[in-house]
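*Asks:* First the structure, which I've put down as structure tokens, then a few questions once you've had a look.
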Amino acid sequence: MTAVGDPGALAGYLRARRELVQPADAGIADDGKRRVPGLRREEVAFLAGVSSDYYVRLEQGRDRNPSEQVLIAIAAALRLDEEATAYLIRLGTAPQAARGRRARRPEKAGDGIRTLIGSWPLTPAYVHGRYMDVLAANRLARALSPSHAPGRNAILDAFLMPELRELHTDWEAMTARVVPYLRSVAGADVDDPRLVELVGELSLRSDRFRRLWARHDVRHKSTGTSLLRHPQVGPLELHYEKLLIPGSGGQTLVTYHARPGSDSEDRLRLLASLDGSAATGPARTGSDDADVPAPS
């Protein structure tokens with residue numbers, strides 16, 4: 014049985030990505046008569062080796078059964094990288110969600126992972142769910158940022174919490190990373206009620222989010238550097254790792270660490286001592302956690 018994707022989601026993705034491709038990058042001369050950004054539909058069809066009529070049907074959401082081979086060819090024409098190509102294939106071939114969705118069980122971090130992160134006195138760590146709801150966090154993570162408190166949502170806070178603009182000296186870069194990351198963890202289920210709720214609220218309240226979301230970028234950046242200016246200890250350069258927790262339904266463990274011997278490590282130790290979780294002596298275990306209900 015051939016899988017059938019969501020034609021509306023696929024159409025929106027194709028339109029957005031086509032508009033971002035510069036003709037010169039695709040080897041097409043600019044004739045000076047272009048009235049739309051990016052490539053024309055017929056140019057994408059030519060580059061992908063499909064008929065213009067077929068490609069137009071895909072962009073209009075009228076074709077429900079593109080083959081994986083066709084999607085790969087279109088991805089090449091749109092100059093998508095490996096991760097964006099995989100996302101395009103998921104959009105084009107994932108079964109459409111049933112109209113009557115079953116209510117998801119509330120998300121909750123497992124006891125083992127909460128005990129683990131609670132035993133790390135010098136490693137800020139938290140767990141987020143599929144849509145970046147914070148489910149558990151250790152003391153140092155909560156001391157590092159107010160957005161790490163269980164019950165918060167990391168992407169809502171990134172755009173809507175004023176304190177984070179002051180905390181993240183790389184706020185522009187951070188927000189540019191988090192939107193493609195949300196698309197990558199949400200996957201092809203673009204009509205999930207929780208995702209619709211988040212995107213709707215952010216689109217109404219943040220012009221920057223709305224512009225970034227409209228690009229349809231997909232990037233699961235699982236490691237990198239965050240630049241912070243903490244109100245208690247000053248500047249911090251911390252490296253982060255995002256690790257998918259097996260068997261958790263999409264939960265992710267996020268950890269931060271400073272380079273050994275660096276000023277940032279000293280400041281992280283100071284923050285730990287100010288928070289009462291000193292780096293010396295027995296580790297204080299335990300972390301807060303939150304149940305996040307999934308909408309029906």
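In the numbering used here, the protein residues as written are 14 to 309.
Heads up, the beta-carbon is just placed ideally off N, CA and C, and yes, glycines get one too.
Please read these numbers as outputs of a predicted model, since none were measured by experiment.
Given a threshold of 16 other Cβ atoms within 10 Å of its Cβ, counted over all protein chains shown, does ASP170 qualify as buried or as exposed?
*Replies:* Against the sequence shown, residue 170 aligns to sequence position 157. Buried, because 16 or more other Cβ atoms sit within 10 Å of the Cβ of ASP170.
*Asks:* Quick one, are the C-beta atoms of ALA156 and LEU284 less than 8 Å apart?
*Replies:* As a working mapping, residue 156 is identified with position 143 in the sequence shown. As a working mapping, residue 284 is identified with position 271 in the sequence shown. Their beta carbons are under 8 Å apart, which means ALA156 touches LEU284 by this criterion.
*Asks:* According to DSSP, which residues form a beta bridge with LEU251?
*Replies:* By one-based count along the sequence shown, residue 251 stands at place 238. SER239.
*Asks:* Kindly indicate which residue of ILE168, SER197, ILE41 and ARG228 has the alpha-carbon position closest to the one of GLU210.
*Replies:* What you label residue 210 is simply residue 197 of the sequence shown in a count that begins at 1. When each option's Cα is compared against that of GLU210, the closest is ILE168.
*Asks:* According to DSSP, is VAL191 part of a helix, a strand, or is it coil?
*Replies:* By one-based count along the sequence shown, residue 191 stands at place 178. DSSP places VAL191 in helix when its eight states are reduced to three.
*Asks:* Give the single residue among SER261, GLY260, LEU257 and SER197 whose Cα lies nearest to the Cα of ASP230.
*Replies:* Counted from its first residue, the sequence shown places residue 230 at position 217. Shortest Cα-Cα distance from ASP230 to any of SER261, GLY260, LEU257 and SER197 involves SER197.
*Asks:* Does DSSP put THR182 in a helix, in a strand, or in coil?
*Replies:* Working through the sequence shown from its first residue, we reach residue 182 at position 169. Coil, per DSSP.
*Asks:* Checking the sheet assignment: what are the DSSP bridge partners for VAL246?
*Replies:* Here the question's residue 246 lines up with position 233 in the sequence shown. VAL246 is not bridged to any residue.
*Asks:* Taking buried to mean at least 16 other C-beta atoms within 10 Å of its own C-beta, is ARG118 buried or exposed?
*Replies:* Counting from one through the sequence shown, the residue named residue 118 turns up at place 105. That one is exposed.
*Asks:* Report back the beta-carbon spacing between THR188 and LEU129 to the nearest angstrom; my notes put them in contact at under 8 Å.
*Replies:* For the purposes of this step, residue 188 is identified with residue 175 of the sequence shown, where counting begins at 1. For the purposes of this step, residue 129 is identified with residue 116 of the sequence shown, where counting begins at 1. Their Cβ separation, rounded to whole angstroms, is 29 Å, which puts THR188 and LEU129 out of contact at 8 Å.
*Asks:* Run through DSSP, which three-state label would LEU266 get?
*Replies:* Taking the first residue of the sequence shown as 1, we reach residue 266 at position 253. Here LEU266 sits in strand by DSSP.
*Asks:* Could you pull out every residue in the same chain whose Cβ sits closer than 8 Å to the Cβ of ARG49, ignoring the five residues on either side in sequence?
*Replies:* Your numbering for residue 49 matches position 36 in the sequence shown. The sequence given here has Val at residue 49, not Arg. Counting only Cβ-Cβ distances below 8 Å, and skipping sequence neighbours, we find GLU32.
*Asks:* If you reduce the DSSP assignment to three classes, tell me which class LEU135 lands in.
*Replies:* In the sequence shown, counting from the first residue as 1, residue 135 sits at position 122. In the structure shown, LEU135 sits in coil (DSSP, three-state: anything other than H, G, I, E or B).
*Asks:* Report yes or no: do three or more beta-carbon pairs, one from the stretch 51-68 and one from the stretch 83-101, lie closer than 8 Å?
*Replies:* yes
*Asks:* Could you work out which residue in ARG54, LEU281 and VAL267 is closest to ALA150 when comparing CA atoms only?
*Replies:* Counting from 1 along the sequence shown, the entry for residue 150 is found at position 137. Taking only the C-alpha atoms, the option nearest ALA150 is VAL267.
*Asks:* What does the alpha-carbon distance come out to for the pair TYR253 and SER235?
*Replies:* Taking the first residue of the sequence shown as 1, we reach residue 253 at position 240. Taking the first residue of the sequence shown as 1, we reach residue 235 at position 222. For TYR253 and SER235, the distance between alpha carbons rounds to 8 Å.
*Asks:* Does DSSP put LEU93 in a helix, in a strand, or in coil?
*Replies:* Position 80 of the sequence shown holds residue 93. Residue state, collapsed to three classes: coil.
*Asks:* Based on DSSP bridge pairs, tell me the residues matched to ASN166.
*Replies:* The residue you call residue 166 lines up with position 153 of the sequence shown. According to DSSP, which records beta bridges pairwise, ASN166 is partnered with ASP146.
*Asks:* Does the beta-carbon of PRO163 have 16 or more other beta-carbons within 10 angstroms, so that it is buried, or is it exposed?
*Replies:* As a working mapping, residue 163 is identified with position 150 in the sequence shown. Buried.
*Asks:* I believe VAL34 touches ARG54 by the beta-carbon criterion, under 8 Å. Please report the beta-carbon distance rounded to the nearest angstrom.
*Replies:* The residue labelled residue 34 in the question sits at position 21 within the sequence shown. The residue labelled residue 54 in the question sits at position 41 within the sequence shown. 12 Å between Cβ atoms; not a contact.
*Asks:* Nearest-angstrom Cα distance between ILE126 and ASP76?
*Replies:* Residue mapping note: residue 126 aligns to position 113 of the sequence shown, counting from 1. Residue mapping note: residue 76 aligns to position 63 of the sequence shown, counting from 1. Their backbone Cα atoms lie some 44 Å apart in a straight line.
*Asks:* Ordered along the chain, which non-local residues of its own chain (more than five positions away) have a Cβ less than 6 Å from that of GLY25?
*Replies:* Numbered from its first residue, the sequence shown carries residue 25 at position 12. Excluding sequence neighbours, GLY25 sits near nothing in its chain.
*Asks:* Quick one: Cα of ALA39 to Cα of GLY51, how far?
*Replies:* The residue given as residue 39 occupies position 26 in the sequence shown. The residue given as residue 51 occupies position 38 in the sequence shown. Straight-line Cα distance between these residues: approximately 10 Å.
*Asks:* How about SER239 and HIS181: do their beta carbons lie closer than 8 Å?
*Replies:* Taking the first residue of the sequence shown as position 1, residue 239 is located at position 226. Taking the first residue of the sequence shown as position 1, residue 181 is located at position 168. Cβ distance < 8 Å, so SER239 and HIS181 count as in contact.
*Asks:* What are the start and end residues of the alpha helix (DSSP H) that includes GLU55?
*Replies:* Residue numbering aside, residue 55 sits at position 42 when the sequence shown is read from its first letter. Looking at the DSSP string, the run of the alpha helix (DSSP H) that includes GLU55 is 54-61.
*Asks:* Counting only the same chain and skipping the five closest in sequence on each side, list residues whose C-beta sits under 7 Å from that of ARG28.
*Replies:* If you number the sequence shown from 1, residue 28 lands on position 15. Result list for ARG28: GLU72, in chain order.
*Asks:* At which residues does the alpha helix (DSSP H) containing PRO206 begin and terminate?
*Replies:* Translated into positions along the sequence shown, residue 206 becomes position 193. 206-218 is the extent of the alpha helix (DSSP H) around PRO206.
*Asks:* Using the beta-carbon count (16 or more within 10 Å), is SER158 buried or exposed?
*Replies:* Counting from one through the sequence shown, the residue named residue 158 turns up at place 145. SER158 is buried by the Cβ-count criterion.
*Asks:* Which same chain residues end up closer than 7 Å to ARG280 when comparing Cβ atoms and leaving out the 5 residues on each side of it in sequence?
*Replies:* Counted from its first residue, the sequence shown places residue 280 at position 267. Excluding sequence neighbours, ARG280 sits near VAL246, GLY247 and LEU249.
*Asks:* Can you name the residues that DSSP bridges to LEU157?
*Replies:* Taking the first residue of the sequence shown as 1, we reach residue 157 at position 144. Within the DSSP bridge table, the entry for LEU157 names no partner.
*Asks:* Less than 8 Å between CB atoms is the rule here; does LEU84 satisfy it with respect to chain C?
*Replies:* You won't find chain C in this structure, because it holds only one protein chain.
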